[in-house]
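Novice: Sequential numbering from 0 applies to the sequence shown in numbering that gives the first Met the number 0.
Questions regarding the structure given below will be posed in turn.
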Amino acid sequence: MNKANRRRFLLTTGTAVASSTLPIKAIGRKDKQEIIDLHQHTNYSGRNDMRLLRHQNALGANWTVLLPAGRKYGLGAICGGNKSVRKIVVKNPHKYVHFANEISDHPECIQTIETYLKKGAIGIGEQKFRVECDSKHIERIAELAQEYDVPILMHFEHENYNTGIQRFHKILKKFPKVNFIGHAQTWWGNIDKNHEQKIMYPKGKVTPSGISDRLLQDYPNMYGDLSANSGLNALIRDENHAIEFIKRNQDKLIYGSDCNDLIGRGPSCIGARTIKIIKSLISNRAIQDKILSKNARRIIRFPK
């Protein structure tokens, strides 16, 4: 082999070897996207623990946050309580974490929640009980959350749970160090400035600057949980609005599923549909990552 041919050979093989040793990301293949599911329940509509684990694996969740019910109360559905979520986390410490919960106005509310915070709960909720959202009961829970530096997930539902969303800014002002996560029909209906409060799943065009949108924009300690049909509906009812809404609130929105199906994929799974619509509305990988995992990590202490 003459010198010129030998030089060409070395250049060619050197390039090939270098290419073969590049990380997968460098040659055009995407790394797996982390998914944190902010919103799941045990025994949801009778789904047992094994089926829950399979569902979350199919969904592709790296971490799942389990939200317990209060005592003798199933969050308006059939859901397990503090003991049941703790049981799964102890058995699956590298994929599951849990919040603590109790009926807001129960005499033992604070004591019960604190017991499970001491056992390892990393948040409070889902608070879905018949109190006003700016009541003394919510203030007491916020004081506890501030002491333990954990977030509170709130279910807002007109005339039912955490009522008076138009006054919730008072709580956000009073407890600026506590992160609150808004969820459910009244929370997501109020992305629309013209929302009619009695309508749980509104359709059609959205006028920006509704109550929820303003809370997300105006208060650093307010976040939004995109789970359930209510969160999905907010994304699909007016996709042009949804794109801009996501962009301006990209640091405040958190993915969750809150679905009770057995499969974890396809049209019957709300969580899978929500992931799909997020990715179809927003192609920017950095924004997707914020919603699917990074925003949750900002306010929740996941195990290392």
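We treat Cβ as the ideally placed atom computed from N, Cα and C, and that holds for glycine.
1. Go ahead and pull the three-state DSSP assignment for Phe179.
2. Just to confirm the assignment: which complete beta strand (DSSP E) runs, minimum length 3, are found wholly within the stretch 76–119?
3. Under DSSP, the alpha helix (DSSP H) around Leu234 begins and ends at which residues?
4. So, with DSSP's three-state summary, where would you put Gly223?
5. Keeping to the same chain, check which residues put their C-beta closer than 6 Å to that of Leu21; ignore five residues upstream and five downstream.
6. Could you check what DSSP says for Gly255 in three-state terms: helix, strand or coil?
7. Does the Cβ-Cβ distance between Ile253 and Ala295 come in under 8 Å?
8. I'd like to check one pair, Asn259 with Arg53: are the Cβ atoms closer than 8 Å?
9. What's the call for Val16, buried or exposed, on a 16-neighbour Cβ count within 10 Å?
10. Exposed or buried, which one is Phe179 when buried takes at least 16 other CB atoms within 10 Å?
11. From the DSSP output, in three-state form, read off Ile198 for me.
12. So the alpha helix (DSSP H) Ile170 belongs to, where does it begin and stop?
13. Do Gly124 and Asn100 come within 8 Å of each other at the CB atom, strictly closer than that value?
14. Between Tyr115 and the rest of its own chain, which residues show a CB-CB distance below 6 Å, the 5 nearest in sequence each way excluded?
15. When you compare only the Cα positions, how much space is there between Ser83 and Leu171?
16. Go ahead and label Gly203 buried or exposed: buried means 16 or more other beta carbons lie within 10 angstroms of its beta carbon, across all protein chains shown.
17. Which residue wins for smallest C-alpha separation from Ile198, given the options Gly119, Gln184, Pro150 and Lys246?
18. How many angstroms separate the CA atom of Gly255 from the CA atom of Ala227?
19. Considering His154, what are the terminal residues of the beta strand (DSSP E) in which it resides?
20. Please report the distance separating the alpha-carbon of His194 from that of Lys90.
21. State the CB to CB distance for the pair Asn42 and Ile87, rounded to an integer number of angstroms; the pair is presumed to be in contact (CB under 8 Å).
22. Under 8 Å by Cβ, that's how I've got Arg300 and Ile121 pegged, so tell me the actual separation to the nearest angstrom.
23. If I'm right that Asn159 touches Trp187 with Cβ under 8 Å, what's the distance once you round it to whole angstroms?
24. Since I believe Val130 is in contact with Ile151 (beta carbons under 8 Å), could you give me their beta-carbon distance rounded to a whole number of angstroms?
25. Please classify Asp224 as buried or exposed, where buried requires at least 16 neighbouring CB atoms within 10 angstroms.
Specialist: This is what the structure holds:
1. In the three-state DSSP reduction, Phe179 falls in the strand class (E or B).
2. List check, beta strand (DSSP E) in window: 95–97.
3. Membership of Leu234 in the alpha helix (DSSP H) is indicated by the continuous run Ala227 to Ile235.
4. It is a strand residue.
5. Low local confidence applies: a pLDDT of 43 at Leu21 is under 50, so the model's placement there is unreliable, and no value is given.
6. DSSP, reduced to helix, strand and coil, places Gly255 outside both helices and strands of the structure shown, so it counts as coil.
7. Yes; because the gap between Cβ atoms is below 8 Å, this pair is in contact.
8. Going by beta carbons, Arg53 and Asn259 fall outside the 8 Å limit.
9. Unreliable placement is indicated for Val16, whose pLDDT of 41 sits below 50; the coordinate value is still reported in the next sentence. Per the 10 Å Cβ criterion, exposed.
10. Buried, since its Cβ has 16 or more Cβ neighbours within 10 Å.
11. Taken through DSSP and simplified to helix, strand or coil, Ile198 comes out as coil.
12. Taken as a continuous stretch (DSSP letters only), the alpha helix (DSSP H) holding Ile170 covers His168 to Lys173.
13. Yes, the Cβ-Cβ distance between Asn100 and Gly124 is below 8 Å.
14. Within the same chain, Asn81 and Ala99 come within 6 Å of Tyr115 by CB-CB distance, once the 5 residues on both sides are set aside.
15. Roughly 31 Å between the two C-alpha positions.
16. Label assigned to Gly203: exposed.
17. For Ile198, the closest alpha carbon among the candidates Gly119, Gln184, Pro150 and Lys246 is that of Gln184.
18. Per the coordinates, the alpha-carbon of Gly255 lies some 8 Å from the alpha-carbon of Ala227.
19. For His154, the enclosing beta strand (DSSP E) starts and ends at Ile151 to His154.
20. Roughly 44 Å separates the two Cα atoms.
21. Going by Cβ atoms, the distance from Asn42 to Ile87 rounds to 10 Å, so no, they are not a contact pair.
22. Between Arg300 and Ile121, the beta carbon gap of about 5 Å places them in contact (Cβ cut-off 8 Å).
23. 15 Å between Cβ atoms; not a contact.
24. That belief does not hold up - the Cβ atoms of Ile151 and Val130 are roughly 13 Å apart, past 8 Å.
25. With 16 or more Cβ atoms within 10 Å of its Cβ, Asp224 is classed as buried.
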